[in-house]
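Notes to accompany the following structure.
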Amino acid sequence: MKITIVGTGYVGLVTGACFSDAGHEVMCVDNNEKKIEMLLKGEMPIYEPGLDEIVERNVKAGRLKFSTSIAEGTKFAKVIFIAVGTPPGVGGEANLTYVEQVGREVAENMTDYHLLVEKSTVPAKTSEHLKRTMRKYLKADVDFDVASNPEFLREGTAIVDATHPDRIVVGVESARAGDLLEEIYKPILAAGGGQFLRMNVTSAELTKHASNSFLALKISYINAVARICEMAGADVEQVAKGMGLDPRIGPRFLHAGVGYGGSCFPKDVDAFVRLSDAVGYDFKLLKEVQQINKSQREFVMQKIKRELWVVQDKKIAIFGLAFKPETDDVREAPSLYFVPALQEMKAKVVAWDPIAEGKFREALPDVPLETSQDLYECATGADLVLVLTEWDAVKNIDLAKLKSVMTTPVMIDGRNAFDPATVRAAGFTYHSVGRA
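In short: position in the sequence shown from 1, add 247, done, that's my numbering.
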């Protein structure tokens, strides 16, 4: 089947590449000419393990194409996925400008039936606005459907998530739209398993927000428990293991640390809170989730202040800028808080993260940051190491060598990446989260 994907970010490019790998003919469209030029040269605009190989394979096979024209994409396929950005607006609500633009341009170029599918994370009822926009700008008397197909991709494991999904959620208003989407996903479900769920469009839109908000709740819950563990002399990892063995709870997302970040959790929790307020429900539970996550950064910062006493003129080596390993994404990453805050206290900050360094500089262009491509060089002369991303290179570091290059061997582990006994046995003063 022919498919057009509008947007070549994490969701759009991964989805398009995996659809083509499943045998479909795919055209990925983006108005960012630089991105398309990169892709046409075989260069990836994002870092996602394994993505470059899939793109190269399917471009060579003729199943994956790239364009800057929505008009061309509309002509190419009758099924069009919207995978553009929906960043927070001025008031925190999702900015749907790009979604509206896609709907408008598709409508202006339609000459026969098309199915427009929301792949971007959008607030509930977005489909109603999208349909109204398309009706306004249709140049021909043709039929169309709008559907919702939320993504559940995790950065760093997006390829596996796309090819071996645990569920495919589609919100449709007609059997025709549902059948088209089921046909698209048939080879993926046959190869990777998973369940295909049809529901109404608003329910599908809401499923994404509800899912991510629940996972964010688990993270904030265990971070709150971590604080109690420190006060009571308990170990949050042992507590989490005892909790996670209960199949009703499960072990995933029960990892205490410096808080959640990324492109999904902060934005989706905020959107769910705003939707709840709009329909008349005060979702106090999720508001507390937001507050706990925000305060978790300051909780770790206090550990730095207590250990260094005077932060000014101290060298702090930051290990990791990305919000999680195996991605270059720094959206809502803890590093965006710690780097400027420590610099404001006049600390000398040096960071290591070869993968995410470029995206960090794009996110904070006015914040000068010294970086190093080598962990030991980064930590040379440091008074303290702050772990913000648990990259394998960080977890496997030679502690004896690290200690030898530091001025004072102090580690604040914001991700509980190390075994406390091992680090302390290596001669470090070591502080983690929730482990007394």
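By construction, the Cβ of each residue, glycine as well, lies at the ideal position given by its N, Cα and C atoms.
Query raised in the report: From the DSSP output, which residues share a beta bridge with proline 335?
Result: The sequence position of residue 335 within the sequence shown is 88, counting from 1. Paired residue(s): Ala341.
Query raised in the report: Curious, which full-length beta strand (DSSP E) runs of at least 3 residues does the segment 378-402 contain?
Result: The segment 378-402 contains these whole beta strand (DSSP E) runs: 391-395.
Query raised in the report: Near valine 273, what residues of its chain come up, given a Cβ to Cβ distance below 6 angstroms and the 5 sequence neighbours on each side ignored?
Result: The sequence position of residue 273 within the sequence shown is 26, counting from 1. These residues qualify, in order along the chain: Ile250, Gly263, Phe266, Ser267, Leu311.
Query raised in the report: In chain order, what residues of the same chain lie with their CB nearer than 7 angstroms to the CB of isoleucine 539, ignoring the 5 residues before and after it?
Result: If you number the sequence shown from 1, residue 539 lands on position 292. Once the five neighbours on either side are set aside, the close Cβ partners of isoleucine 539 are Ser467, Asn470, Ala471.
Query raised in the report: Taking C-alpha atoms, which residue in Lys552, Val302, Glu579 lies nearest to glycine 270?
Result: For the purposes of this step, residue 270 is taken as residue 23 along the sequence shown, with counting starting at 1. Taking only the C-alpha atoms, the option nearest glycine 270 is Val302.
Report task. Please say whether histidine 361 and lysine 325 have beta carbons closer to each other than 8 angstroms? Result -> Start at 1 with the first residue of the sequence shown, and residue 325 comes out as number 78. Start at 1 with the first residue of the sequence shown, and residue 361 comes out as number 114. Inclusion of lysine 325 and histidine 361 in the CB contact set at 8 angstroms is warranted, their separation being smaller than that value.
Query raised in the report: If you drop the 5 nearest sequence neighbours on each side, which residues of the same chain put their C-beta closer than 6 angstroms to that of isoleucine 406?
Result: Position 159 of the sequence shown, counted from the start, is the residue given in the question as residue 406. Same-chain partners within the cutoff: Gly297.
Query raised in the report: In this structure, does DSSP put glutamine 620 in helix, strand or coil?
Result: Against the sequence shown, residue 620 aligns to sequence position 373. Correct three-state label for glutamine 620: coil.
Query raised in the report: Which residues does DSSP pair with valine 276 in a beta bridge?
Result: The sequence position of residue 276 within the sequence shown is 29, counting from 1. DSSP lists Val253, Ser314 as partners of valine 276.
Query raised in the report: Which one of Lys531, Gly509, Gly508 has the shortest CA to CA distance from phenylalanine 519?
Result: Taking the first residue of the sequence shown as position 1, residue 519 is located at position 272. That would be Lys531, whose Cα lies nearest to the Cα of phenylalanine 519.
**Report entry** Three-way DSSP call (helix, strand, coil) for glutamate 430 in this model
**Finding:** Position 183 of the sequence shown, counted from the first residue, corresponds to residue 430. In the structure shown, the three-state DSSP call for glutamate 430 is helix.
Query - Residues that DSSP places opposite leucine 631 in a beta bridge - result: Taking the sequence shown and counting its residues from 1, one reaches residue 631 at position 384. Under DSSP, leucine 631 takes part in a beta bridge, and its partners are Ile563.
Query raised in the report: Which ranges would you report for the alpha helix (DSSP H) in the segment 582-607 if only whole runs of at least 4 residues count?
Result: Every unbroken stretch of the alpha helix (DSSP H) spanning 4 or more residues and falling wholly within the segment 582-607 is given here in chain order: 582-591.
Report task. Can you grab the Cα-Cα spacing for the pair lysine 322 / isoleucine 329, in whole Å? Result -> The count along the sequence shown starts at 1 and reaches residue 322 at position 75. The count along the sequence shown starts at 1 and reaches residue 329 at position 82. In a straight line, the C-alpha of lysine 322 is about 15 angstroms away from that of isoleucine 329.
Query raised in the report: Is it buried or exposed for valine 632, if we count other Cβ within 10 angstroms and need 16 for buried?
Result: Numbered from 1 along the sequence shown, position 385 holds the residue referred to as residue 632. Residue environment analysis places valine 632 among the buried positions, since at least 16 neighbouring C-beta atoms fall within 10 angstroms of its C-beta.
Query raised in the report: How long is the line joining the alpha carbons of glycine 506 and asparagine 356, rounded to whole angstroms?
Result: As a first step, residue 506 must be located in the sequence shown, where it is residue number 259. As a first step, residue 356 must be located in the sequence shown, where it is residue number 109. Cα-Cα distance, rounded: 45 angstroms.
Query raised in the report: So, are the CB atoms of glycine 508 and proline 581 less than 8 angstroms apart?
Result: Position 261 of the sequence shown, counted from the start, is the residue given in the question as residue 508. Position 334 of the sequence shown, counted from the start, is the residue given in the question as residue 581. Taking 8 angstroms as the Cβ cut-off, glycine 508 and proline 581 qualify as a contacting pair.
Query raised in the report: With 16 as the cutoff for other CB atoms within 10 Å, does aspartate 660 come out buried or exposed?
Result: Residue numbering aside, residue 660 sits at position 413 when the sequence shown is read from its first letter. Aspartate 660 is buried by the Cβ-count criterion.
**Report entry** Local conformation of valine 657 per DSSP, three classes
**Finding:** Translated into positions along the sequence shown, residue 657 becomes position 410. Looking at valine 657 - three-state DSSP - the assignment turns out to be strand.
Query raised in the report: Do you know how far the Cα of leucine 589 is from the Cα of lysine 288?
Result: Residue numbering aside, residue 288 sits at position 41 when the sequence shown is read from its first letter. Residue numbering aside, residue 589 sits at position 342 when the sequence shown is read from its first letter. In this structure, the CA atom of lysine 288 is about 40 angstroms from the CA atom of leucine 589.
Query - the segment 434-447 contacting the segment 408-422, beta-carbon criterion three pairs below 8 angstroms - result: Touching, yes, given that three or more Cβ pairs across the two stretches are closer than 8 angstroms.
Report task. Please list, in chain order, all residues of the same chain as alanine 664 whose beta carbon is under 8 angstroms from its beta carbon, the five residues on each side excluded. Result -> Counting from 1 along the sequence shown, the entry for residue 664 is found at position 417. These residues qualify, in order along the chain: Val634, Glu637, Val641, Lys642.
Query raised in the report: Would you call the CB atoms of phenylalanine 443 and glutamate 430 closer than 8 angstroms?
Result: Reading the sequence shown from its first residue, position 196 is the one you call residue 443. Reading the sequence shown from its first residue, position 183 is the one you call residue 430. The Cβ atoms of phenylalanine 443 and glutamate 430 lie no closer than 8 angstroms to each other.
**Report entry** Proximity of histidine 678 and glutamate 554 at Cβ, strictly below 8 angstroms
**Finding:** As a first step, residue 678 is located in the sequence shown; it is residue number 431 there, counting from the start. As a first step, residue 554 is located in the sequence shown; it is residue number 307 there, counting from the start. Cβ atoms of histidine 678 and glutamate 554: closer than 8 angstroms.
**Report entry** Which of helix, strand or coil DSSP assigns to phenylalanine 328
**Finding:** Your numbering for residue 328 matches position 81 in the sequence shown. When secondary structure is reduced to three states using DSSP, phenylalanine 328 falls in the strand class.
Requested in this report: Evaluate contact between the segment 396-405 and the segment 477-491, counting only Cβ atoms and requiring at least three cross-stretch pairs below 8 angstroms.
Outcome: No, they do not touch.
Query raised in the report: Is threonine 684 helix, strand or coil by DSSP?
Result: A question about residue 684 goes unanswered here, because the residues of the chain that appear run from 248 up to 683.
Requested in this report: With DSSP as the reference, label phenylalanine 500 as helix, strand or coil.
Outcome: Taking the sequence shown and counting its residues from 1, one reaches residue 500 at position 253. DSSP places phenylalanine 500 in coil when its eight states are reduced to three.
Query raised in the report: Which of helix, strand or coil does DSSP assign to valine 614?
Result: Position 367 of the sequence shown, counted from the start, is the residue given in the question as residue 614. Secondary structure at valine 614: coil, using DSSP grouped into helix, strand and coil.
Requested in this report: Excluding the 5 residues preceding and the 5 following glutamine 215 in the sequence, name in chain order all residues of the same chain whose CB lies nearer than 6 angstroms to its CB.
Outcome: Because the chain here runs from 248 to 683, residue 215 falls outside it and cannot be looked at.
**Report entry** Inter-residue Cα distance where the pair is lysine 541 and valine 547
**Finding:** On the sequence shown, residue 541 is found 294 positions in, with the first residue counted as 1. On the sequence shown, residue 547 is found 300 positions in, with the first residue counted as 1. Rounded to whole angstroms, the separation of the alpha carbons of valine 547 and lysine 541 is 11 angstroms.
Query raised in the report: Buried or exposed: serine 395, going by 16 or more other Cβ atoms within 10 Å of its Cβ?
Result: Along the sequence shown, one-based indexing puts residue 395 at 148. Its Cβ being crowded by 16 or more others within 10 Å, serine 395 is buried.
Requested in this report: Note down the Cα distance separating methionine 291 from asparagine 279, rounded to an integer number of angstroms.
Outcome: Sequence index remark: in the sequence shown, residue 291 carries index 44 (1-based). Sequence index remark: in the sequence shown, residue 279 carries index 32 (1-based). For methionine 291 and asparagine 279, the gap between their C-alpha atoms comes out near 13 angstroms.
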